[in-house]
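Accompanying notes for the structure given below.
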Ligand SMILES: NC(=O)c1ccc[n+]([C@@H]2O[C@H](COP(=O)([O-])OP(=O)(O)OC[C@H]3O[C@@H](n4cnc5c(N)ncnc54)[C@H](OP(=O)(O)O)[C@@H]3O)[C@@H](O)[C@H]2O)c1
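Numbering (the numbering used here), first residue to last: 438 to 762.
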């Protein structure tokens with residue numbers, strides 16, 4: 438995994454004036470903090486979320502922190518096909534879209550199996566919704582990438598994937614649903630899709646990179662309190678503080694998403710995660726067989742199977758051929 442990893446200063450990000458980024462799930466946690474960090478770079482930051490009140494609260498919190506920021510918000514529930522198509526149509530009509538962070542997620546799955554739009558809820562939110570959204574936005578990203586380099590999609594992986602050993606997927610978990618299994622399998626599938634998207638984008642010559650970010654172990658209870666966005670209870674703060682040696686704040690976790698999105702040194706096939714695996718400065722690593730986080734998910738057969746499943750489940754075919762060089 439050793440590779441050249443140029444210095445990256447999370448406090449002094451490169452100027453992104455003129456560039457446009459979309460973040461899903463920007464109403465809380467990592468998505469909010471990533472949006473706040475990007476807002477300082479001069480970029481136009483589009484915050485998306487499923488709840489209009491939480492969306493207003495998070496945008497207002499960013500504008501309080503960074504009054505000169507250029508932001509807007511857009512309603513987007515990643516479990517709903519209609520919401521995805523409508524948001525994507527709005528974004529495709531814009532002048533440019535330089536990057537998307539596919540951040541929204543169910544992090545604490547329900548105890549019993551639930552469904553959204555006919556699919557298991559965690560799968561639908563973390564995997565299928567983002568697969569459909571990224572496919573819908575590929576034309577906007579590719580058009581921007583043809584004009585200026587650096588167009589990217591960032592997928593949210595997880596250290597928990599290192600514990601996933603199976604190549605036999607049962608994405609819908611109709612039998613044997615468990616909270617942890619639903620979450621880890623969803624992140625395994627996300628990483629498999631990121632790797633497969635990378636292979637297909639390169640093969641078709643589409644000027645958009647597919648990269649993975651993972652935030653280590655990032656807790657709201659270790660993060661700044663922000664009205665309407667991050668208001669952990671005293672108990673949550675206490676429990677989070679007990680985990681201080683192995684955990685970090687969501688501000689720190691979000692730096693991995695931001696670096697994955699804007700560092701010119703990050704290329705197709707890369708992963709960005711904390712140097713100490715669970716916490717620490719964001720570092721670029723290869724995602725290959727030697728990386729325990731990606732060893733199985735990066736296998737082409739696994740990626741092809743995950744892709745076929747998602748195409749079928751979402752009835753979405755990514756328009757690679759239209760945007761190849
Ligand atoms: N925190 C970690 O240590 C960690 C580790 C590995 C990976 N990750 C990944 O990082 C991402 C963010 O995690 P987090 O810790 O920041 O979680 P979080 O604090 O629970 O925030 C999740 C965000 O996703 C949004 N969301 C959930 N369902 C949605 C839907 N159907 N449509 C649109 N937005 C939806 C939530 O919106 P609402 O405000 O409406 O609920 C919220 O903004 C996830 O993909 C997670 O798997 C996190």
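Backbone N, C-alpha and C define an ideal beta-carbon position, used for all residues, glycine too.
*Enclosing alpha helix (DSSP H) for residue 744 [first to last residue]*: Reading the chain shown from its first residue, position 307 is the one you call residue 744. Run containing residue 744: 737-751, per the alpha helix (DSSP H) assignment.
*Just the C-alpha distance for residue 663 and residue 498, rounded to the nearest angstrom, thanks.*
Your numbering for residue 663 matches position 226 in the chain shown. Your numbering for residue 498 matches position 61 in the chain shown. Their backbone Cα atoms lie some 7 Å apart in a straight line.
_For ligand 1, I want to know if residue 555 counts as a neighbour, meaning its beta carbon is within less than 7 Å of at least one of the ligand's heavy atoms._
Taking the first residue of the chain shown as 1, we reach residue 555 at position 118. No, the Cβ of residue 555 stays beyond 7 Å of every heavy atom of ligand 1.
*If you draw a straight line from the alpha carbon of residue 545 to that of residue 620, how long is it in whole angstroms?*
Within the chain shown, the letter at position 108 stands for residue 545. Within the chain shown, the letter at position 183 stands for residue 620. If you take the alpha carbons of residue 545 and residue 620, they lie about 8 Å apart.
*residue 521: first and last residue of the uninterrupted alpha helix (DSSP H) it sits in*: Numbered from its first residue, the chain shown carries residue 521 at position 84. Its alpha helix (DSSP H) spans residues 518-529.
*Check each candidate in 628, 580, 612 and 616 and name the one with the smallest Cα separation from residue 595.*
Along the chain shown, read from residue 1 onward, the residue named residue 595 stands at position 158. Considering only alpha carbons, the answer is 628.
*Within the same chain, show all residues whose beta-carbon is closer than 6 Å to that of residue 631, passing over the 5 residues directly before and after it, in chain order.*
Here residue 631 corresponds to residue number 194 of the chain shown, with the count starting at 1. So the qualifying residues of the chain are 592, 647 and 649.
_If the criterion is Cβ atoms closer than 8 Å, does the pair residue 566 and residue 753 meet it?_
Position 129 of the chain shown holds residue 566. Position 316 of the chain shown holds residue 753. Not closer than 8 Å, so no.
*With hydrogens ignored, establish whether the beta-carbon of residue 750 is closer than 7 Å to any heavy atom of ligand 1.*
Taking the chain shown and counting its residues from 1, one reaches residue 750 at position 313. No, Cβ of residue 750 sits at least 7 Å from all heavy atoms of ligand 1.
_Quick check on residue 441: buried or exposed, where buried means 16 or more other Cβ atoms within 10 Å of its Cβ?_
As a first step, residue 441 is located in the chain shown; it is residue number 4 there, counting from the start. Under this definition residue 441 is an exposed residue.
*asked:* With a threshold of 8 Å between beta-carbons, can residue 729 be considered close to chain B, or not?
replied: The structure shown contains no chain B; it is built from a single protein chain.
*According to DSSP, is residue 452 helix, strand or coil?*
Within the chain shown, the letter at position 15 stands for residue 452. Residue state, collapsed to three classes: coil.
*In chain order, what residues of the same chain lie with their CB nearer than 6 Å to the CB of residue 569, ignoring the 5 residues before and after it?*
Counting from 1 along the chain shown, the entry for residue 569 is found at position 132. Here the set comprises 521, 751 and 753.
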